[in-house]
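Numbering (our numbering), first residue to last: 850 to 921. Accompanying notes for the structure given below.
Written out as structure tokens, the structure reads:
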């Protein structure tokens with residue numbers, strides 16, 4: 850299945866931002882949204898993927914090739 854069958858482009862971006870910035874606080878600041886909003890978006894992503902933790906969601910996306918570590 851394609852990424853679009855699981856997540857929206859914005860949701861994939863949120864996972865990539867978390868990987869790029871390392872913490873929810875830094876990723877939320879870079880995205881110009883509140884930490885609370887970022888956490889809510891991560892919770893929705895976890896629910897859509899059927900995983901229990903954000904780490905599992907990130908690992909899922911990495912394995913699928915949707916996001917990458919060390920892009921820059």
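From the three backbone atoms N, C-alpha and C, an ideal C-beta is built for every residue, glycine too.
| Check | Outcome |
| --- | --- |
| Sequence-distant residues of the same chain with beta carbon closer than 7 Å to residue 909, five excluded per side | 898, 900 |
| Distance cut-off 8 Å: residue 872 Cβ against heavy atoms of the ligand COA | In the structure shown, the ligand COA is absent, as is every other ligand, since no ligand is present at all. |
| Exposure of residue 904, with buried meaning 16 or more beta-carbon neighbours within 10 Å | exposed |
| Span of the alpha helix (DSSP H), counted from its first residue to its last, around residue 874 | 873-880 |
| Rounded C-alpha distance that separates residue 858 from residue 875 | 20 Å |
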